[in-house]
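Residue numbers for the sequence shown follow numbering that gives the first Met the number 0, so the first one is 0 and each next one is one higher. The beta carbon of each residue, even a glycine, is placed where N, CA and C say it ideally should be. Treat the numbers as computed from the prediction; the structure is a model and nothing was measured. Here is the structure we will look at, set down as structure tokens.
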Amino acid sequence: MAVNLLTDIMYLSGVGPKRAELLRKELNISIYRDLLYYYPYKYIDRSKIYKISEIVDDLPYIQLVGKIVRFDEAGAGRKKRLTAIFSDGTGMIELVWFKGIKWVAKSLKPNVSYIVFGKATLFNGRFNIAHPEVEEYKPETEKVNASLQAAYNTTEKLKNSFLTSKAIYKLQQTLQQQVAKSIDDTLPPHLIDRYRLMTLPEALKQIHFPESASLLQKAQNRLKFEELFYVQLGLLKQRSLRMSKKNGHVFSVVGEMFNRFYSEKLPFELTDAQKRVIREIRKDMGSGKQMNRLLQGDVGSGKTLVSLMSMLIAVDNGYQACIMAPTEILANQHYETITKLLGDLPVKVSLLTGSTKKSVRNGLHSDLIEGNTNILIGTHALLEDVVQFKNLGFVTIDEQQRFGVAQRAKLWEKNDNPPHVLVMTATPIPRTLAMTVYGDLDVSVIDQLPPGRKPIKTIHYTDAKRNVLFGMMREQIKAGRQVYVVYPLIKESEKMENLKDLQDGYESIVRAFPPPEYVTVVVHGQMKADQKDFSMNLFASGKAHIMVATTVIEVGVNVPNATVMVIESAERFGLSQLHQLRGRVGRGADESYCILMSSVKLSHESRKRLSTMVATNDGFEIAEVDLQLRGPGDMEGTQQSGIPFDLKIASLSKDSQLLQYVRQAAMEILDEDPSLSLPKNQKLTKQLEKSAKEKVAFSQIS
Ligand code: ADP
Ligand code: MG
Numbered sequence: 000m001a002v003n004l005l006t007d008i009m010y011l012s013g014v015g016p017k018r019a020e021l022l023r024k025e026l027n028i029s030i031y032r033d034l035l036y037y038y039p040y041k042y043i044d045r046s047k048i049y050k051i052s053e054i055v056d057d058l059p060y061i062q063l064v065g066k067i068v069r070f071d072e073a074g075a076g077r078k079k080r081l082t083a084i085f086s087d088g089t090g091m092i093e094l095v096w097f098k099g100i101k102w103v104a105k106s107l108k109p110n111v112s113y114i115v116f117g118k119a120t121l122f123n124g125r126f127n128i129a130h131p132e133v134e135e136y137k138p139e140t141e142k143v144n145a146s147l148q149a150a151y152n153t154t155e156k157l158k159n160s161f162l163t164s165k166a167i168y169k170l171q172q173t174l175q176q177q178v179a180k181s182i183d184d185t186l187p188p189h190l191i192d193r194y195r196l197m198t199l200p201e202a203l204k205q206i207h208f209p210e211s212a213s214l215l216q217k218a219q220n221r222l223k224f225e226e227l228f229y230v231q232l233g234l235l236k237q238r239s240l241r242m243s244k245k246n247g248h249v250f251s252v253v254g255e256m257f258n259r260f261y262s263e264k265l266p267f268e269l270t271d272a273q274k275r276v277i278r279e280i281r282k283d284m285g286s287g288k289q290m291n292r293l294l295q296g297d298v299g300s301g302k303t304l305v306s307l308m309s310m311l312i313a314v315d316n317g318y319q320a321c322i323m324a325p326t327e328i329l330a331n332q333h334y335e336t337i338t339k340l341l342g343d344l345p346v347k348v349s350l351l352t353g354s355t356k357k358s359v360r361n362g363l364h365s366d367l368i369e370g371n372t373n374i375l376i377g378t379h380a381l382l383e384d385v386v387q388f389k390n391l392g393f394v395t396i397d398e399q400q401r402f403g404v405a406q407r408a409k410l411w412e413k414n415d416n417p418p419h420v421l422v423m424t425a426t427p428i429p430r431t432l433a434m435t436v437y438g439d440l441d442v443s444v445i446d447q448l449p450p451g452r453k454p455i456k457t458i459h460y461t462d463a464k465r466n467v468l469f470g471m472m473r474e475q476i477k478a479g480r481q482v483y484v485v486y487p488l489i490k491e492s493e494k495m496e497n498l499k500d501l502q503d504g505y506e507s508i509v510r511a512f513p514p515p516e517y518v519t520v521v522v523h524g525q526m527k528a529d530q531k532d533f534s535m536n537l538f539a540s541g542k543a544h545i546m547v548a549t550t551v552i553e554v555g556v557n558v559p560n561a562t563v564m565v566i567e568s569a570e571r572f573g574l575s576q577l578h579q580l581r582g583r584v585g586r587g588a589d590e591s592y593c594i595l596m597s598s599v600k601l602s603h604e605s606r607k608r609l610s611t612m613v614a615t616n617d618g619f620e621i622a623e624v625d626l627q628l629r630g631p632g633d634m635e636g637t638q639q640s641g642i643p644f645d646l647k648i649a650s651l652s653k654d655s656q657l658l659q660y661v662r663q664a665a666m667e668i669l670d671e672d673p674s675l676s677l678p679k680n681q682k683l684t685k686q687l688e689k690s691a692k693e694k695v696a697f698s699q700i701s
């Protein structure tokens, strides 16, 4: 049978229909190509053969060559085990099996030379290897074997059908023989030459059967290059397409509202970083091209103000602007902040959220379409079809990660010409992630906090220190300050249980801080809007000393007099969430504290998260640690952002240098050939189209 990369995996010798079904279900391998691109997760160095006398504790996996002297069977029923005494002339070691005993006893024979592979562990003063890999030892074939042997991830179900790492290795051998000749390179020759890359057929061979460590590295490098390259090329092509269109609204003047705001209303001097970013935005908005800009800045760096001043430029040029926030609380907060900042300037600002009353809505809708409303602030409610603008020219999406691509695209459809878009992140994103997830956006960074901020002191306490915590809370309250106590809300499905935590927490706080001396309020996501407002207002006005809340306060809440943020079960929060919560304090001139409460027992990862929080206040640094710990797939936001994110071999946490190199390479190509229409770039276009078809298109990110 003629085979190629698209052949159904079931036809590969050693697979068949039943295993094919399993491979598809467990590993998503259904055709030859899928298996070819199923890379090893590690390589085992099989070049060294140990002597039994050399074995010490804590060696990695080792190989021994010797013979089985005798078998012992011990125990009964489930506790049955088989032991083989194995000798190589320098000593003895026990090989032990707890499963598959019958099969082992039948297939292994005394006095045959075996090569044994496994991890030696010390048990009752003697070394043994549990469930070793055992193979007959033939010196002449052993030499042919690569010194680095690939190991593949499998699953319990696969192993039960004997599809072990070793079995997959054997399938790879068969596959390699059959398809090596039909692998077409996916990169054009000029790229391979320029960057001295290994060819694809060679790389796909070396990745499974490396002939040396350096060839393996070259193979990995080539495959990573390609993976990152096509992502970057797709994103950057999108960007150059946008830049080639002249369909952006031109905001040519900085007019009365902006100038009056700047000279009459601005309560403080802008930071240099804020000024720089506003300049960058102004330049975009005057260029005739549509702006798509990502604004990164740490918690509290003053992104809202940048957005407001950009919106005023839109208003000065006769356009409407809007801010979309992910929660009602945040939308309310923006509304209050912005109306207060604008004071008596004749700019009409409206608020539209899920709880805006119907009667109010109708008027709001007509104000929008008639152009009476200049700035609209709201939540998802803005995306509803009934919300129509007269001439929307500028959109800010705040705390961007929570909005899906499709949702954002809806805002575009509200106009013939797309509005300028400013996307603001809640917390910083690592560079590599920004380059990939937001790779077609231009990036502005506010890398400076407003002056006079004292760094927040972060302390990690276990539950045993609760009295110390309460003492400190009392002290702060006595000094006129206010305290947040936050409980985790991890998943929607845990809502009820979580509310119970919150309820219990609230009761214990009230016991320790009894009224009327102390006033404590509760806020959580399932409260009615007016109840929520009532509690928030008590706290914001300083009438309540303590606010017990879920993460609804994570974003946007701004009470400068609050100086203590207590985070309960802090080990259950992600790093960026912790950082975001911490950003709720330290907004005034007073020394502020963030107290992380956790149980004593912590996983390695949780411990690292908490110690990172204690060690640094820098959101960019925290984002990097987050990426290292979790990998990009799990980073907050990337799942929801709807961007295809399937890197098989490249890693955004480990390959950041390569990523920059590759992005540069993609840029150079697009500089020379923006539409990728030169004959030498045909392959690139074809490959991009293919990946667009296979995955979701790299649709516009905002
Ligand atoms: P974030 O970037 O986290 O959204 P905000 O825009 O909410 O930050 O700003 C945080 C706080 O800092 C607000 O109280 C805001 O009024 C204040 N602020 C913003 N810019 C400045 C500045 N240049 N000088 C002093 N305070 C500022
Ligand atoms: Mg903000």
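With a cutoff of 7 Å, D446 does not count as near ligand 2, since its C-beta is closer than that to no heavy atom of the ligand.
Within 7 Å of the C-beta of K339 there is not a single heavy atom belonging to ligand 2.
Contact between the region 613-631 and the region 556-567 is absent, with fewer than three C-beta pairs closer than 8 Å. The Cβ atoms of G15 and T173 do not sit closer than 8 Å to each other.
In the DSSP assignment, H130 is bridged to no other residue. Exclusion of the five residues before and after K108 leaves I67 as the residues of its chain whose Cβ lies within less than 8 Å of its Cβ. Of all alpha-carbon atoms in L196, I30, R23, the one lying nearest the alpha-carbon of I8 is that of I30. At least one heavy atom of ligand 1 lies closer than 7 Å to the C-beta of Q273. Looking at P515, Y486, L34, the one whose alpha-carbon comes closest to that of V522 is Y486. Within the region 643-692, the complete alpha helix (DSSP H) runs of at least 4 residues fall at 655-671.
Going by C-alpha positions, L121 is about 23 Å away from R77. Apart from sequence neighbours up to five positions away, the residues of its chain that approach V2 with a beta-carbon distance below 6 Å are Q177, ordered along the chain.
Proximity of the beta carbon of T336 to ligand 2 is not indicated: no heavy atom of the ligand is located closer than 7 Å. Secondary structure at H419: strand, using DSSP grouped into helix, strand and coil.
Boundaries of the beta strand (DSSP E) around E93: 91-96. T173 has its CB no nearer than 7 Å to any heavy atom of ligand 2. If you look at D441, you'll find it in the beta strand (DSSP E) that goes 441-445. By the C-beta criterion, the region 430-444 is judged to be in contact with the region 647-661, since at least 3 inter-stretch pairs fall below 8 Å.
Residue I280 holds the alpha-carbon nearest to the alpha-carbon of L440 among M91, L63, I280.
The beta carbon of T303 sits closer than 7 Å to at least one heavy atom of ligand 2. Spanning the alpha carbons of S690 and D532 requires a straight line of approximately 48 Å.
Note on the region 518-590: whole beta strand (DSSP E) runs with a minimum of 3 residues are 519-522, 545-548, 561-566, in chain order. Close CB contacts of K17 within its chain, under the 8 Å cut and outside five residues either way in sequence, are with S160 (chain order). Following the DSSP letters along the chain, one finds A73 in no alpha helix (DSSP H) but inside the beta strand (DSSP E) bounded by residues 61-73. Comparing C-alpha distances from P418 to each of I191, G74, G247, Y168 shows the shortest one belongs to G247.
In the three-state DSSP reduction, L293 falls in the strand class (E or B). Bridge partners of T395 according to DSSP: I322, L421. Following the DSSP letters along the chain, one finds F228 in no beta strand (DSSP E) but inside the alpha helix (DSSP H) bounded by residues 212-243. Residue state for Y168 is assigned as helix, using DSSP reduced to three classes.
Around the C-beta of Y40, fewer than 16 other C-beta atoms lie within 10 Å, and the residue is accordingly described as exposed.
In the three-state reduction of the DSSP assignment, L121 falls in the strand class, which pools E and B. Taking 8 Å as the cut-off, the Cβ atoms of T549 and L574 do not count as close. Residue side-chain check: S591 keeps its Cβ at 7 Å or more from all non-hydrogen atoms of ligand 1. Relative to N316, the option among M308, M323, I322 whose CA is nearest is M308.
The alpha-carbon of I337 is positioned some 41 Å away from that of S650. As a beta-bridge residue in DSSP terms, K456 pairs with Y592.
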